[in-house]
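In the numbering used here, the protein residues as written are 175 to 535. The beta carbon of each residue, even a glycine, is placed where N, CA and C say it ideally should be. Encoded as structure tokens, the structure appears first; notes follow it.
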């Protein structure tokens, strides 16, 4: 029987415990998408996590439409991230880079071009831009001849991540962004080799994963999926027919670990709330044989139980890590958790609500 505080290996990454810091977009970078010095302190504060999954990091200007978010497509961004990874490693921590293409969830004021997606569509709600909140714009369908370039962007980003000192990468295929948009029938209405059948809708995720594995090695690659519910307007009518095969495909490709962000009837996730679609992790557990990380509003007791019962190999915590840089200690010793201030989630507002949360005495 495993415990939440035992070591675990995520492929080549030897983690000291099974408490994972989930990716958290905090928007503290510059307009050039280069990490800033305050981010070095932020990540180093949280280095006791068994594994830190970085905030989502743009693989290209086209794919990064969130104001003050980070990228990893040029040398300045690599240098900025190198300061972060060095600081985490000096504290004994491990950190991987989450590779992100936002698909239709971008704005032309940031990228300089119309958003792209599997099919023409418009996301609901508003996006943060440098000029304030703005409604999402209609995305155009990616042409077939553009897809190899998208895959090449993932390859370059993975290469740059390793150059920046990350211990590995996580391919972001969740939460209504590009790869997730290709997976789900609510946003993928294509009739070519990337649409229609489940096999076709899995194709881009498979090709990206194969390419990243070839570049950095399967032992350095994880994937994130959000297999149930609606997220940022993206949903599938029969998710069990898509995500269980997706998990088996990823297992067969040899990825080192898989993270699932699952919704439930009482979810309060900012970008996608409650759902009656059942969690698929029990079935995915049967087809994915390497470490499985579960995420979404786990309490301490729920996390301990999920790992002890073998439902998960590790649990990733998101919002709890905003206000509790010493979360591992607080969970282990059952200390009270500090509450985060939602008004300070997103920058660029400096240390307030970012690096000023105190450690337990």
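Separation of residue j from residue i, as counted between CA atoms
i: residue 224; j: residue 185; result: 13 angstroms
i: residue 320; j: residue 379; result: 15 angstroms
i: residue 213; j: residue 313; result: 32 angstroms
i: residue 266; j: residue 440; result: 36 angstroms
i: residue 470; j: residue 209; result: 26 angstroms
i: residue 472; j: residue 437; result: 11 angstroms
i: residue 454; j: residue 418; result: 8 angstroms
i: residue 302; j: residue 204; result: 14 angstroms
i: residue 238; j: residue 187; result: 27 angstroms
i: residue 193; j: residue 458; result: 20 angstroms
i: residue 284; j: residue 240; result: 7 angstroms
i: residue 242; j: residue 429; result: 30 angstroms
i: residue 445; j: residue 324; result: 25 angstroms
i: residue 296; j: residue 311; result: 6 angstroms
i: residue 399; j: residue 234; result: 21 angstroms
i: residue 189; j: residue 407; result: 35 angstroms
i: residue 396; j: residue 345; result: 6 angstroms
i: residue 181; j: residue 191; result: 4 angstroms
i: residue 503; j: residue 219; result: 12 angstroms
i: residue 412; j: residue 526; result: 42 angstroms
i: residue 531; j: residue 216; result: 10 angstroms
i: residue 358; j: residue 401; result: 9 angstroms
i: residue 198; j: residue 175; result: 30 angstroms
i: residue 287; j: residue 280; result: 9 angstroms
i: residue 505; j: residue 392; result: 31 angstroms
i: residue 290; j: residue 482; result: 42 angstroms
i: residue 474; j: residue 435; result: 17 angstroms
i: residue 244; j: residue 480; result: 33 angstroms
i: residue 253; j: residue 338; result: 7 angstroms
i: residue 524; j: residue 364; result: 43 angstroms
i: residue 422; j: residue 232; result: 27 angstroms
i: residue 519; j: residue 255; result: 20 angstroms
i: residue 258; j: residue 394; result: 18 angstroms
i: residue 496; j: residue 201; result: 13 angstroms
i: residue 461; j: residue 262; result: 33 angstroms
i: residue 353; j: residue 405; result: 13 angstroms
Cβ neighbour criterion (16 or more within 10 Å) applied to residue i
i: residue 537; result: Absent from the structure is residue 537, since the part of the chain shown begins at 175 and ends at 535.
i: residue 463; result: exposed
i: residue 268; result: buried
i: residue 195; result: buried
i: residue 347; result: buried
i: residue 264; result: exposed
i: residue 507; result: exposed
Contacts around residue i, its chain only, beta-carbon distance under 7 angstroms, and the 5 residues preceding and following it disregarded
i: residue 362; result: 292, 293, 355, 356, 369 and 375
i: residue 366; result: 318
i: residue 381; result: 325
i: residue 299; result: 310
i: residue 431; result: 184, 185, 396, 464, 465 and 467
i: residue 451; result: 402, 403 and 413
i: residue 494; result: 501 and 511
6 angstroms CB neighbourhood of residue i in its chain, flanking five on each side removed
i: residue 427; result: 383
i: residue 500; result: 533 and 534
i: residue 477; result: 178 and 489
i: residue 389; result: 329, 332 and 333
i: residue 315; result: 293 and 294
i: residue 536; result: Nothing in the structure corresponds to residue 536, since the chain is present only between 175 and 535.
i: residue 248; result: none
i: residue 222; result: 502
Proximal residues to residue i (C-beta, below 8 angstroms), its chain only, five neighbours per side dropped
i: residue 372; result: 415, 416 and 419
i: residue 456; result: 485
i: residue 517; result: 527
Heavy atom of the ligand ZN within 6 angstroms of residue i beta-carbon
i: residue 489; result: Questions concerning the ligand ZN fall outside what the structure shown contains, since it holds no ligand whatsoever.
Closer than 7 angstroms to chain D by CB, residue i
i: residue 429; result: Protein chain content of the structure displayed is limited to a single chain, and chain D is not contained in it.
inquiry  = Across the segment 224 to 238 and the segment 509 to 524, are there enough close Cβ pairs to call them in contact, namely three or more that are closer than 8 angstroms?
reply    = no
request  = Kindly provide the ranges of any alpha helix (DSSP H) runs that are 4 or more residues long and lie completely inside the segment 283 to 357, ordered along the chain.
outcome  = 321 to 337 and 352 to 357
query = Does the pairing of the segment 326 to 341 with the segment 304 to 311 give three or more beta-carbon distances under 8 angstroms?
reply = In short, these stretches do not touch, since the Cβ pair count stays below three.
ask   = Taking only runs of the beta strand (DSSP E) that begin and end inside the segment 239 to 276, which ones reach a length of at least 3 residues, in chain order?
value = 269 to 274, all fully within the segment 239 to 276.
query = Where are the alpha helix (DSSP H) runs, 4 residues long or more, that stay fully inside the segment 401 to 478, in chain order?
reply = As far as the segment 401 to 478 is concerned, its whole alpha helix (DSSP H) runs of at least 4 residues are 414 to 427 and 455 to 461.
message = So, does the segment 331 to 349 touch the segment 270 to 282, judging by three or more C-beta pairs under 8 angstroms?
response = yes
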